[in-house]
Each structure stands twice: as C-alpha cells, then as structure tokens.
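2 protein chains.
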Amino acid sequence: MPMITAVSSSLAIEHLFLFQQICGEKYVFVDEEVLHHYSHDETEDLHFLPDVVIKPGNAEEISSILKICNQYKIPVTPRAAGTGLSGGALPHLGGVLLSVERLNKIINIDERNLQVVTEPGVITEVLQNAIKEKGLFYPPDPSSRGSCMIGGNIAENSGGPKAVKYGVVKDYVLNLEVVLPTGEIIWTGANVLKNATGYNLTQLIVGSEGTLGIVTKAVLRLIPLPKLDLLMLVPFKDPVDACAAVSAIFAAGFVPSAMEFMERDAIEWSMRFVNDCIVPMNDETQAHLLIEVDGNDIDVLMKEMEGISEIVMGFNAGDILFADDAQQKAELWKLRRRVGEAVKSHSVYKEEDTVVPRAELPVLLKGVKEIGKKYGFHSVCYGHAGDGNLHVNIIKGELSDEQWNGSLKQGIIEIFELVKSLGGTISGEHGIGLVQKDYLPIVFNPVQMRLMKSIKALFDPANILNAGKIFD
Amino acid sequence: MPMITAVSSSLAIEHLFLFQQICGEKYVFVDEEVLHHYSHDETEDLHFLPDVVIKPGNAEEISSILKICNQYKIPVTPRAAGTGLSGGALPHLGGVLLSVERLNKIINIDERNLQVVTEPGVITEVLQNAIKEKGLFYPPDPSSRGSCMIGGNIAENSGGPKAVKYGVVKDYVLNLEVVLPTGEIIWTGANVLKNATGYNLTQLIVGSEGTLGIVTKAVLRLIPLPKLDLLMLVPFKDPVDACAAVSAIFAAGFVPSAMEFMERDAIEWSMRFVNDCIVPMNDETQAHLLIEVDGNDIDVLMKEMEGISEIVMGFNAGDILFADDAQQKAELWKLRRRVGEAVKSHSVYKEEDTVVPRAELPVLLKGVKEIGKKYGFHSVCYGHAGDGNLHVNIIKGELSDEQWNGSLKQGIIEIFELVKSLGGTISGEHGIGLVQKDYLPIVFNPVQMRLMKSIKALFDPANILNAGKIFD
C-alpha cells in the first residue's frame with residue numbers, strides 16, 4: 009500500500025482498505041502525484057488536495073463506496089473530466105475524490121428510437137462523433153467538448169454555441185441512472201419523449217452539480233443531423249450595436265444555429281493564442297458576431313444569411329466575412345472556442361457567467377463596462393449572445409491583490425444585481441459550484457434557499473456528496 | 009350567506025368567513041349548483057362534492073387562503089379549467105376547491121425577448137391566438153385547447169400534436185410564480201433560456217399536478233411562427249404497419265410537425281360525432297396516420313411530403329389524401345381533436361395514456377390487442393405516434409360491471425407492465441392524478457416513491473394541497 013499523504017479526520021486507513029476491496033487496489037490512489045492531479049479543475053487557480061482518489065468501474069462499486077462514506081460521514085467529490093469553471097469538482101473538504109473516468113462506454117446508439125445510452129465518462133466530442141457517424145446529432149457542445157465529459161455536462165446543465173437553436177443538456181436528457189448519496193441506485197424516469205408520471209426527478213438531477221447523486225448512465229435524445237451550415241463573422245464598431253442586432257435577428261423570425269458575441273480583445277487574444285488563424289480586422293472594429301445557420305436546403309440557408317446580413321447592416325456592421333469552406337469555418341470556430349483559454353493564458357482573471365433575456369444584452373454590456381470603470385477593472389466579454397448568455401472575464405491586470413481580493417467583490421455583486429434586475433440570473437451554463445455560492449442570495453430569497461437546501465438534505469441526509477457546493 | 013350543503017370535518021363556518029374576508033363574499037360559493045359544477049372534471053364519470061368553491065383574484069389572496077388551510081389542515085384542490093383526464097382536479101377529500109379562473113390575464117407578450125408572461129386561468133387557445141397575432145408561436149396544444157387553461161397544462165406537463173417537433177409544456181416554461189402550500193409566494197427561476205443556478209425548481213413544479221404549489225404567473229418561451237404547413241392523411245390496412253412507418257419516417261431524417269395515429273374506430277366515431285366532416289374510407293382501412301410538416305419554404309415542405317409519402321408506401325399505405333386548403337386541414341384536425349369526446353359519447357370507457365420509445369409502438373399496439381382478447385375488452389387506440397404516446401381507450405361495451413370494476417384492472421396492469429418492459433411509462437401527458445395512482449408502483453420502486461413523497465412532504469408539510477393525487 010503506498011504512503012498516505014493526508015487523511016482527513018473522518019477518513020481512516022480501514023476505509024481505504026474497504027475501498028480497495030470494492031474497486032481493486034489499483035484503482036485507489038493516495039500517492040501525491042495523483043492527489044495533486046485531481047486537486048484542481050479549470051476554475052481560476054484553485055487547488056485542494058483530496059485524501060484519496062478512487063476510480064470505480066461501475067454503478068455497483070460507486071454504490072458500495074457511497075454507503076461507506078454515508079455511514080462514516082466521509083466527504084465525496086464526484087468528478088468527470090474536471091473542466092468545470094465554477095469549482096464543482098474541487099475536493100475542498102478533502103476526503104474521497106470519486107472519478108467516473110472509467111465509466112467511459114457508449115452503451116448503445118439506438119438508431120430506431122433516436123436515443124443514445126452512455127456512461128458519464130465519455131468525452132463529449134467522442135460521443136458526438138460516434139453519433140454523427142450514424143447521421144444523428146447530439147447538439148450540446150461546450151467549448152471544452154474535446155476534453156469535457158458527458159457526466160460533467162449533465163451535472164452543470166451545459167450549453168455551448170448550438171443551444172440557441174437546439175437547447176441545452178437538459179433538453180436532451182430523457183432518463184438517468186443515478187447512485188444516491190445513501191447508495192441506492194435508481195432510474196429517474198423513462199426512455200420517452202413525453203412523461204407526465206410523477207415528479208421530474210430527471211430534471212432535478214440535471215444541473216444539480218453532483219450534489220444529489222452520481223450519474224452512472226444517461227439516456228439522451230438525438231435528432232437528425234442537419235446536412236449543411238453557413239457561417240459568417242460580422243464586425244461592429246460599437247459592441248452595444250452588436251448586442252442590439254442579436255434580438256433584432258430573432259425578432260425578424262430567424263433562428264440561427266449559433267449566435268456568438270466576442271469583444272475585440274477576446275478575438276485578438278485568441279488569435280495570438282491559437283497563432284495560426286488570422287482574421288482581418290479593421291482598427292475601428294470593437295466586437296464581432298459569429299453567426300451560423302444550418303439545415304438541409306442550401307437555398308433556404310442562403311436566403312437566411314441574406315436576411316440576417318440586411319438586419320446587421322441596420323446596426324452599423326462592417327464588412328461581413330463569409331466563411332468560404334470547411335477549413336475557414338473550422339478556423340473561425342477554433343478562434344471562438346479557445347477564447348476562454350486565451351484569456352486565462354493572458355492574465356489572472358475571474359469569469360462571470362451572466363445570463364439575461366436576450367434583448368437586455370446591450371443594457372447588460374453597458375452596465376458591466378460602467379461598473380468596471382467604477383471599480384477600476386478591465387473586462388473581456390464574449391459568449392452565447394443568442395441565449396443572452398454573456399461571459400464576463402474580469403482581468404486582474406493592474407489591480408492590486410488587495411483590490412482583487414477585496415473591493416472587486418462589490419463590483420461583481422453590482423453586476424449580478426444588474427443581471428437580476430433585467431430578469432436574468434448569475435449562471436447560464438457554468439454552475440454555482442464553489443466560487444459563486446456567496447452570490448446565490450442575490451437571486452434567491454430565504455424561502456427558495458430553504459427549499460433547495462431541504463431537497464439536498466432529503467437526497468443526502470449525511471451531507472457527504474459534494475457538500476459545500478451551490479450553498480453551504 | 010347561502011346554505012351550506014356539506015362541511016368536512018376540518019372545515020368550519022369560521023373558516024368560510026375568513027375566506028370571504030380574503031376574496032370578498034361573492035367569490036366564496038357554497039350553493040349546491042356551484043359545488044356540483046366543480047365536483048367533476050373530464051375523467052370518466054367521477055364526481056366528488058367540495059365543501060366550498062373559492063375563486064380568488066390574485067396570488068396574495070391564494071396565499072392567505074393556503075395559510076388558513078395549512079393551519080387548520082383543510083384539504084385544497086386547485087383547479088384551472090377542469091378538462092383533465094386523470095382526476096387531478098377532483099375534490100375527492102371535500103374541503104376547498106380553489107379555482108384560478110379569475111387569474112385570466114395575459115400580462116405581457118414580450119416581442120423583443122420572445123417571451124410571454126401569463127396568468128394560469130387563460131384558455132390555451134386564447135393565449136395561442138394572441139401570440140399568433142404577433143407572428144409568434146407557443147406550440148403546446150392539447151386537443152382540449154379551446155377549453156383547457158394554461159395553468160392546468162403546466163400542472164400536467166401537457167403535450168398535444170405539435171410536441172413531436174416542438175416539445176411539450178416543460179420545454180416552454182422558463183419561470184413560474186408559485187404559491188406554496190404554506191402560503192409563501194416564490195419565483196422558481198429566471199426569465200432566461202439557459203440556467204445553471206441552483207436546483208431546477210421550475211421543472212419540479214411543471215407536471216407536479218397541483219400537489220407542490222399553485223402557479224399564479226408563468227413566463228413562457230416563444231418561437232417564430234412557421235408560415236406554412238402541409239397535411240396528409242395516410243390509410244393503412246394494418247394498424248401495426250402504420251405504427252412501424254412512424255419510426256421509419258424519423259429514422260430517414262424527417263421531423264414532421266405532427267404525426268398522429270388513429271385506429272379505424274377512432275376516426276369513424278369522430279366522423280359520426282362531429283357530423284360535418286367526411287373522410288372517404290376504404291373498407292379495408294384499419295388505421296390512419298395524420299402527418300403534418302411545417303416551415304417557411306414551400307419547396308422544402310413539398311420535398312418532405314414526397315419523401316414521407318415514399319416511406320409510407322413501403323409500409324403498405326393506401327391512397328394518401330393531401331389536404332387541399334385551409335378548410336380541409338381544419339376538418340381533418342377537427343376529426344382528430346374530437347376523437348376523445350367521440351369515444352366518450354359512444355360508451356363508458358377508461359383511457360390509458362401509454363408512452364414508449366417510438367419504435368416500440370408496433371409491439372405496444374399488438375400487445376394491447378392481445379391483452380384485450382385475454383380479458384375480453386375492446387380498445388380504441390389513437391394518439392401522438394411520433395412521440396410514442398398511444399391513448400388506449402378501453403370500451404365498456406358488453407363487459408359486465410363485475411368485469412369492468414374487477415378483472416379489467418389486471419388487464420390494465422398487464423398493459424402497463426408491457427409499457428415498462430419497452431422502456432416506456434404509464435402517462436405521457438395526462439398525469440397520474442387520482443385514477444392512475446394505484447398503478448404507479450409498476451414503474452417506480454420504493455426508493456423512487458420515497459423520494460417523491462419526501463419532496464411532497466417538504467413542500468407541503470400539512471399535506472393539504474391536492475393530497476392523495478399521484479400517490480397516497
């Protein structure tokens with residue numbers, strides 16, 4: 009048995025032996041290198057060492073582990089790929105880090121019923137590609153799709169660029185096999201498109217950030233794969249004009265399959281980071297919309313592109329770049345998808361995942377900039393504008409550590425209060441996790457908080473599963 | 009004060025005075041005629057007299073009423089239009105029948121954000137038409153849309169013919185104002201298209217059949233209104249062929265905006281009932297599919313119709329009737345929409361709302377007929393085949409009262425066990441309510457039942473709100 013670096017008060021040697029009996033010795037890790045590897049996700053620069061990392065191989069093993077942890081009140085942090093941005097997979101209480109990475113099988117792509125049954129440890133892009141090979145489509149695709157896993161996507165109710173036309177993860181989850189914190193294994197619903205049978209346990213689990221149970225199988229709805237898409241990049245002098253164009257496009261009856269907003273810094277930093285895609289950019293350009301339409305008829309798509317072009321021209325757009333071919337499309341998408349990493353590599357930052365009704369985007373963007381001026385911070389904004397989902401990246405830049413860890417918090421509170429006043433909320437797709445939970449009372453009053461905490465207590469009476477995430 | 013016909017053990021005269029103070033005397037009813045009117049919904053021939061009918065005018069009044077009922081443990085049955093088919097609005101415990109019919113305002117159709125804010129007492133078709141006038145679309149449309157109310161649709165997570173392309177009620181509800189059984193008024197979410205902020209209370213309320221709270225305002229997502237649609241009626245000699253054609257159409261990449269199945273009896277009885285629409289019907293025809301496609305480009309729709317026609321021909325379809333004009337479309341839809349009433353007027357019946365993965369429909373239909381032979385009952389089947397949602401109407405016909413109230417139950421259990429074995433469940437859109445609750449343990453084990461009952465207890469500790477619905 010390897011050396012143990014740290015054992016929390018509730019986790020003892022005999023528990024480790026039990027875990028080894030359940031999963032086999034080679035899937036229970038206490039060596040420092042592994043603990044370090046699982047001490048962080050993609051949230052800022054936060055690290056917390058778990059006491060042990062366990063990689064069970066199936067739902068029954070997870071059930072046995074949770075029964076022990078439930079009995080001895082050992083904290084358990086479930087983890088899929090660890091690409092989250094709100095600290096949901098951070099083992100901040102030590103204890104067990106439970107990785108679902110070995111549950112990585114696509115169990116069945118059911119072409120007759122347009123459904124897939126998958127385990128949670130499948131990489132999202134791997135799942136999407138396997139489905140695409142059958143001429144089918146699973147639309148939710150976070151920017152991290154190449155590395156994130158479907159289990160994490162379900163935990164966070166992830167979105168991505170296609171959500172604007174096709175919806176988010178919750179719109180595709182039909183049924184889940186879940187191990188409850190007390191160890192029972194249940195299915196939450198049925199493999200059907202409509203269900204009016206009891207309470208919607210499925211939608212209670214989706215987006216619950218691993219606090220109510222660990223998903224071990226998911227039945228997802230699929231749709232036919234659209235055969236064609238067209239992509240254009242539209243520059244604007246005024247970012248507020250870009251935001252205003254967004255709701256005008258929908259109001260005119262168009263439903264693009266992507267409608268992404270990027271401030272100049274976002275695309276510039278991404279070009280520097282990616283280093284092999286160049287978008288010609290006028291000095292005056294301050295923001296872009298990346299707009300995609302998809303479908304099965306080229307004439308219809310061309311007409312839609314024309315119609316959308318006319319609308320953006322009414323908002324002082326510059327020269328539109330129409331992607332010529334698959335390669336140029338891929339390059340533009342690469343630029344967009346890697347903005348997050350580019351910002352991260354550029355500076356220490358905090359990312360806020362604001363979401364408002366889409367026509368309120370211009371007000372939100374102006375407000376964020378004014379609040380930035382007041383508190384002395386620079387922000388780089390980008391995101392899924394069609395959904396009203398604006399990622400506000402606050403850059404540390406010249407801010408002192410004192411400002412960064414002190415007065416900035418008040419600025420973030422002001423942003424969230426603005427978001428709330430516009431009918432929005434504080435996370436569109438990243439979740440609350442560890443780093444946003446102090447802000448939750450801005451959008452929920454004590455009655456709502458009490459209901460949610462009571463639901464947590466009902467599923468997890470010993471408070472072992474991802475405790476201290478979403479709320480204390 | 010009018011004469012009181014019956015007062016349950018927990019409801020006393022002084023409570024009636026309190027209700028009068030809250031809502032005004034004229035909105036508190038104890039006269040027999042009113043009590044009788046609210047003693048039934050559209051479920052079989054069931055009647056239960058409430059002790060009092062109250063028609064509050066806003067959320068605050070509902071809150072005050074519920075606080076009193078919570079304190080004195082008075083049963084409360086919430087009711088919208090009373091068109092439900094599972095007995096959700098039946099006041100089977102007496103007490104207060106709380107009608108939301110006075111909360112009947114469309115508060116705001118927000119054309120900028122493609123959202124509507126509405127009260128629960130608005131008739132679904134009235135809401136749809138008001139939205140349509142703005143060039144927008146709210147798709148969920150139960151067959152009873154001319155008389156049902158949006159609050160009831162939310163309580164039951166209703167579907168309707170358009171669900172196959174556009175989804176059910178839950179896919180359009182963004183945020184709800186809800187009065188909890190304890191009297192607090194909360195909003196469940198935010199007015200946004202994506203939300204990863206805490207547990208999904210919105211989806212817990214949708215489909216909870218009025219057991220967790222009373223919805224007093226709903227924020228619903230809207231989409232652009234498709235400009236065109238085409239409709240065809242396809243006859244089949246073998247109903248099983250019709251069912252098999254359904255999944256083949258989707259597997260070929262088509263997504264019709266309606267895909268309805270009707271056995272011969274259904275359409276014949278409906279023609280007799282409606283009495284002004286005649287569909288030519290070959291003697292050999294035993295079932296029909298009513299198939300609609302919609303969109304904005306006539307060439308695309310024509311191509312889709314051609315493609316679908318080719319597929320159905322592979323399943324021994326007869327001569328397809330293409331609807332010529334708006335009038336013929338309206339007639340065909342009228343026939344389909346009134347099947348339920350036609351069956352009801354024809355015989356005493358029980359309606360089962362089975363739903364399975366769509367490719368399992370042929371197996372389900374065959375199974376239903378075999379079980380019918382075994383137990384000696386005739387069934388008329390129709391429904392939303394594209395969703396795998398088959399309404400099985402069991403006709404009393406020649407069955408003795410003894411059989412009807414006795415051995416038939418075992419036949420229904422066999423149908424539901426078949427449904428479960430196919431990955432389906434016992435209600436697609438009608439809910440469990442009062443009349444299906446005995447069957448719920450077929451699809452949920454004790455762990456799932458315990459979770460649901462605990463959620464109920466958490467929201468409604470005194471068990472006053474629609475108690476004894478869904479489960480005991």
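From first to last, the protein sequence lines stand for chains A and B. Each step along the first sequence adds one to the number in this note's numbering, with nothing skipped, and position 411 is 419. Each step along the second sequence adds one to the number in this note's numbering, with nothing skipped, and position 62 is 70. Every residue, glycine too, gets a C-beta built ideally from N, C-alpha and C. Bear in mind that the values here come from a model prediction, so they are computed numbers and not experimental data.
According to DSSP, residue pairing for F452(A) in a beta bridge does not occur. The continuous stretches of beta strand (DSSP E) do not include R346(A), and DSSP gives it neither H nor E. For D302(B), the uninterrupted beta strand (DSSP E) segment begins and ends at A295 to G303.
F56(A) is not a Cβ neighbour of H23(A), given a cutoff of 9 Å. Check the Cα spacing between E300(A) and each of V287(A), M321(A) and A171(A): the tightest is with A171(A). With respect to R366(A), L144(B) sits apart: the two C-beta atoms are not nearer than 9 Å. Just measuring C-alpha positions, the residue of Q411(B), P469(B), L448(B) and D273(B) sitting nearest L459(A) is P469(B). Assigned with DSSP and collapsed to three states, Y174(A) falls in helix. Going by beta carbons, G215(A) and A198(B) fall outside the 9 Å limit. Under the three-state reduction of DSSP, C251(B) is assigned to helix. In this structure, DSSP gives Q444(B) a state outside helix and strand, which the three-state scheme calls coil.
The alpha helix (DSSP H) runs of length 4 or more contained entirely in the stretch 351 to 401 of chain B are, from start to end of the chain, 369 to 383. A distance below 6 Å between beta-carbons, with the five flanking residues on each side excluded, links H44(A) to no residue of its chain. By the Cβ test, the stretch 60 to 74 of chain B is not in contact with the stretch 446 to 456 of chain B, since fewer than three Cβ pairs between them sit closer than 8 Å. Taking a C-beta distance under 9 Å as the contact criterion, G396(A) and V376(A) do not qualify as a contact pair. One Cα belongs to K417(B), the other to V263(B), and the distance between them is close to 37 Å. Residue pairing by DSSP places V84(B) opposite V104(B) and L473(B) in a beta bridge. Counting only residues of its own chain and dropping the five nearest sequence neighbours on each side, S387(B) has a CB closer than 8 Å to the CB of V376, K377, G380, V400, N401, I402 and I403. For G143(A), the neighbours in chain B by C-beta distance under 8 Å run, in chain order, G261.
In terms of beta-carbon proximity, H438(B) lines the interface with chain A, with at least one pair separated by less than 9 Å. The Cβ of G348(A) sits no closer than 9 Å to any Cβ of chain B. In this structure D409(B) is exposed. Its beta-carbon is surrounded by fewer than 16 other beta-carbon atoms within 10 angstroms. Counting along the chain, T132(B) sits inside the alpha helix (DSSP H) bounded by residues T132 to K140.
By the Cβ neighbour-count rule, A226(B) is buried, with 16 or more other Cβ atoms within 10 Å of its own.
Burial state of D53(B) is exposed, judged by a 10 Å Cβ sphere holding fewer than 16 other Cβ atoms. Scanning its chain for C-beta atoms nearer than 6 Å, with the 5 sequence neighbours on each side dropped, one finds around G436(A) the residues D361, V363 and N397, in chain order. Beta-bridge partners assigned by DSSP to V36(B): I62(B). For G191(A), the closest C-alpha among the options I434(A), I231(A), A256(A) and E69(A) is that of E69(A). The beta carbon of I73(A) lies closer than 8 Å to those of F27, I30, C31, I62, P64, V84, V104 and L106 in the same chain, with the five residues before and after it left out.
Proximity to A97(A) across K81(A), E164(A), I421(A) and I131(A) peaks at E164(A), based on C-alpha coordinates. Cβ-Cβ separation between M240(B) and A331(B): approximately 7 Å, consistent with a contact (criterion under 8 Å).
The C-beta of Q79(B) comes no closer than 9 Å to any C-beta of chain A. Each residue's CA atom was taken as its position, placing G95(A) and P150(B) some 43 Å apart.
Chain-order list of chain A residues neighbouring D49(B): empty, with the shortest C-beta distance near 15 Å, by a criterion of under 8 Å.
Flagged as an interface residue toward chain B: G167(A), by a C-beta distance shorter than 9 Å.
With the criterion set as a beta carbon lying under 8 Å from some beta carbon of chain B, the members of the stretch 358 to 372 of chain A are D361, V363, V364, P365, R366, A367 and E368, in sequence order.
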